[in-house]
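See structure below.
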Amino acid sequence: MVPLSYYLVLSGILFACGVTGFLIKRNIITVFMSIELMLNGVNLSFVAFAAQWHALSGQVFVFFVMVVAAAESAVGLAIIIAVYRTRETLNVDRVNLLKL
Amino acid sequence: MTPNLYLWLIPVLPLVGAAINGLFGKRFSRQTVSAIALGFSGAALVMALWIAAQFASLTLPHVELLASWIRAGDFQVDFAFYLDQLSLVMLLVVTGVGFLIHIYSVGYMWGEGGFYRFFSYLNLFMFFMLTLVLASNYLLMFIGWEGVGLASYLLIGFWFTKDSAASAGKKAFIVNRIGDFGFLIALFLMIKHFGSLNFEQVFQSVPRMAATGSEELLTSIGLLLMVGAAGKSAQLPLYVWLPDAMEGPTPVSALIHAATMVTAGVYMVARSHVIFDHAPQALTVVAIVGTLTALFAATIGVCQTDIKKVLAYSTISQLGYMFMACGVAAYSAGIFHLMTHAFFKGLLFLAAGSVIHAVGGEQDMRRMGGLRHHIPWTFWTMTAATFAIAGFPPLAGFFSKDAILWQAYSSPYGSWIYWLIGVFTAFLTSFYMFRLWFMTFFGEYRGEAAAGHSDEHLHLTGGSQAGAPAPHGHGHGGIHESPKIMLLPLVILAVLSFCGGWVGSERFDKFLSPSLHAGVTAYSQDETAATRPAPEAREHGASEGLLTSISILAALSGLFFAWLLYQRRPQLPQEIAHALGGFYEAVVHKYYVDEIYAAVFVKPLIDGSTRVLWHGIDRDVIDATLDNGAEGAREVSDAMRHMQSGNLRSYAGWIAAGAAVVIAYMIWTGTR
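Chains as they are written, first to last, in the numbering used here: chain V, 405 to 504; chain Y, 250 to 921.
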């Protein structure tokens, strides 16, 4: 059996990749995908713990996260399309009107 | 059963008049305003007379409850009115003299701006004064006490565009506050130790307190009450506001600062006589303060040249007499003098107003003279008042002053020193009053020529200067007699000044005795009863006649010296002034009391307030805290706002950094 720590390290790597991508990428789509990556990194640790401790609640949480992520990506993609239609760009550094 | 007298109506009637004139008077004609003011104050007078008419059939003291006011546990204060012999006398004096002065004011103030305002204040004063006089407990009395102070402030500062009038009003108010502070503390002591402020309950518990040996308490209450009385009645050392109060219109000086309000302190001491009877030390203080004030103010009065200032110092001096009488436990003599003084001093002020009016606003006696042919009515009424205050028989002042001097000598609390100072003061009184009389009415007219005068008069009435207003349609040329509406009160008061004393102090004393000797029976059970002879024990029958002749002699010599100095040899006062040198200078400058007060109290207070309270605390602590706090918040925000750049990735960076900090913290606490 694969030890728990392997899953957790992989989950941490996935989450760190998501964070890094979120911080350094300029394309909104890529940023959006980085968010999904972070969510799935967390999901992985959830199911790893659920399997380790034979507790179902972890798996239930994962389903919740997936449902929310699906809803979020639907709304998020709609926003991205709206932004692209008005600003004609997908570069987040140029979508910076909301400031002091 | 005692009938319902509707006592509450007496003070409320003038209040209604004040409210109507104060709220709507601006749109009324002068006739309407005066009709309202006279109507309501006259109604109060009629009610007072109606009560006096059925006074014999009442069971006294007659207390009427209007409404309850404060209830806190056992402590209870009501809007209740108290009628006994003492308050009846005060009631008649206040409403009677007050109504006459209302009439006079119609003529005097006719040409002035703010006519309705004046009468509204005057009626307001009547309301508070009648509340003071009719109150059945100390707290309601205190309401009236403060209220008359307010009315006095408003009326002294009636010509508020004049700087001196405005500051005189402030001075009166502030000096009175000092006295009221003492009064208030006395009330607190009463609440604490008697549990009540009702006259009846307080006076019932006083003998009990005295029996249980709390004389210090009664003495301190008495002294604090005296502080209040000294403020209101212009006694040493709080008298300084009264001379300045002459900035107000002359009818105000007559009503408030001579006849009624300033006598409130005397009334209060007489009303509280039960307390003072059981606190002999407080009584001694009252007598000493009164005697010294009488002498002190009379000496200043001798050197004043402003006709109203002379009368002001004379008022202080006469109030001193009243306190002297109260201080030797001869309260009825004090109240008797209060009544006669209200007549002749009210008349003196009104006549002085008539004189000032006649000569076009001039108040300096050195620029008057020879007026008796020009204004005969004023001259004769003023003559009656002058002889009355100087103590010539058979005028009113003789009887009351003689009663006081006799009591000061013969009362168990009395002493020959009081009597001696009193007689000397009587001589000074006679002297300065006849000095005023001679300087004003005899000799040659020393003012400007009549032609120039008429211009000045017009000018004066145009601006709101202190002094003479133009009466309706009256000619402005030369020195002229006042209109009839001003002369009528003069004549009535002259008659009262003439006959007011004929009732006699003995009969007056007997009339007042139920309200003024109520505590004496309880007192006579004390161990000190042996030292106090009964009031009836007049073993000095012969000496009373002797003392009376001496005081008449004092009055006559005052007349003689005034005649000698100001009629026969007018250059003599100058020489005497030179001979006296420094002392004369001190007297002319009122013993520099105002300057001393300014240096000792006012200036340190202003400096302290400016440097410590304003600059030190208000500006450098309170304001600075707020300002610096606001400034700091602004600077921090200024720095922080750059975080909101609009750049999405920098936000994400902040979130990541924050999350990293939180995780680091949790790991740190977890591993510890």
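Virtual Cβ for every residue (Gly too), placed ideally from N, Cα, C.
| query | From this set, Y/Met614, Y/Ala591, Y/Thr589, which residue's C-alpha is nearest Y/Ala601's C-alpha? | reply | Y/Met614
| Length of the line joining the Cα atoms of Y/Val523 and Y/Asp429 | 21 Å
| query | If you draw a straight line from the alpha carbon of Y/Thr380 to that of Y/Ile505, how long is it in whole angstroms? | reply | 15 Å
| Cross-strand partners of Y/Ile801 (DSSP beta bridge) | Bridge partners of Y/Ile801: none, in fact.
| message | Between Y/Ser886 and chain V, is the shortest Cβ-Cβ distance under 8 Å, so that the two count as touching? | response | no
| query | Where Y/Ser454 and Y/Glu465 are concerned, what is the direct C-alpha to C-alpha distance, given to the nearest angstrom? | reply | 15 Å
| field | chain V contacts made by the region 846-876 of chain Y, where a contact means CB separation under 7 Å | value | none
| query | For Y/Ile565 versus Y/Thr589, is the C-beta distance shorter than 8 Å? | reply | no
| field | DSSP three-state assignment for Y/Arg320, whether helix, strand or coil | value | strand
| So, does the CB of V/Leu513 fall closer than 8 Å to a CB anywhere in chain Y? | Absent from the structure is residue 513 of chain V, since the part of chain V shown begins at 405 and ends at 504.
| task | Taking Y/Arg756 as the reference, give the member of Y/Leu677, Y/Tyr662, Y/Ile584, Y/Ile866 with the closest Cα. | result | Y/Ile584
| said: Whole angstroms are fine: how far does the CA of Y/Ala384 sit from the CA of Y/Leu925? | reply: Residue 925 of chain Y falls outside the range modelled here, since chain Y spans only 250 to 921, and no answer is possible.
| message | Taking the straight line between their C-alpha atoms, what separation do you get for Y/Thr587 and Y/Met571? | response | In the sequence as presented, Thr is not what sits at residue 587 of chain Y; that position holds Leu. Whole-angstrom Cα-Cα distance: 7 Å.
| said: For Y/Lys558, count the other beta carbons within 10 Å of its own beta carbon; 16 or more makes it buried, fewer makes it exposed. Which is it? | reply: buried
| query | Using the rule of at least 16 other Cβ atoms within 10 Å of the residue's Cβ for burial, across every protein chain shown, is Y/Arg276 buried or exposed? | reply | exposed
| task | Please name the residue, chosen from Y/Ala637, Y/Glu880, Y/Glu693, that lies closest to Y/Phe680 on a Cα-to-Cα basis. | result | Y/Ala637
| Chain-ordered chain Y contacts of V/Phe468 [CB-CB under 9 Å] | What V/Phe468 touches in chain Y: nothing, since even the nearest Cβ is about 21 Å away.
| request: Give the straight-line distance between the Cα atoms of Y/Ala906 and Y/Ile871, rounded to the nearest whole angstrom. | output: 40 Å
| task | Quick one: grab the DSSP three-state call for Y/Asp555. | result | strand
| Between Y/Ala607 and Y/Leu620, is the Cβ-Cβ spacing less than 8 Å? | yes
| query | Can you tell me whether Y/Glu496 is buried or exposed, with buried defined as 16 or more other CB within 10 angstroms of its CB? | reply | buried
| request: Tell me the start and end of each unbroken beta strand (DSSP E) in the region 403-444 of chain Y that is at least 3 residues and wholly inside, in chain order. | output: none
| field | Contact residues within the region 890-911 of chain Y, judged by C-beta distance below 7 Å to chain V | value | Arg890, Gln893, Ser894, Gly895, Asn896, Leu897, Arg898, Ala901, Gly902, Ala905
| query | To the nearest whole angstrom, what separates the beta carbons of Y/Pro356 and Y/Ser731, a pair I think is in contact under 8 Å? | reply | This sequence places Gly at residue 356 of chain Y; Pro is not what is there. Sure, about 6 Å apart at Cβ, within 8 Å.
| query | In three-state DSSP terms, what is Y/Leu315? | reply | strand
| request: In the DSSP assignment, find the unbroken alpha helix (DSSP H) run with Y/Ala297 in it and report its ends. | output: 279-302
| field | Cα-Cα separation between V/Leu448 and V/Phe426, rounded to whole angstroms | value | 19 Å
| said: Helix, strand or coil, according to DSSP, for Y/Ala927 in the structure here? | reply: Here chain Y comprises residues numbered 250 to 921, so residue 927 of chain Y is not present and cannot be evaluated.
| message | I'd like the span of the alpha helix (DSSP H) that includes Y/Glu755, first residue to last. | response | 754-765
| Just checking my contact of Y/Gly362 with Y/Val424 at CB under 8 Å: how many whole Å lie between their CB atoms? | Their Cβ separation, rounded to whole angstroms, is 28 Å, which puts Y/Gly362 and Y/Val424 out of contact at 8 Å.
| query | Can you name the residues of chain Y whose CB is closer than 8 Å to the CB of V/Leu427? | reply | Arg898, Ala901, Gly902, Ala905
| query | Taking Y/Leu332 as the reference, which of Y/Gly322, Y/Gly360, Y/Ala297 has the closest Cα? | reply | Y/Ala297
| field | Per DSSP, the bridge partner or partners of Y/Phe330 | value | Y/Glu313, Y/Ala384
| CA-CA distance, Y/Tyr353 and Y/Ile285? | 15 Å
| task | Tell whether a beta-carbon distance below 8 Å holds between Y/Ser563 and Y/Leu765. | result | no
| message | Does V/Asn447 come out as helix, strand or coil in the three-state DSSP assignment? | response | helix
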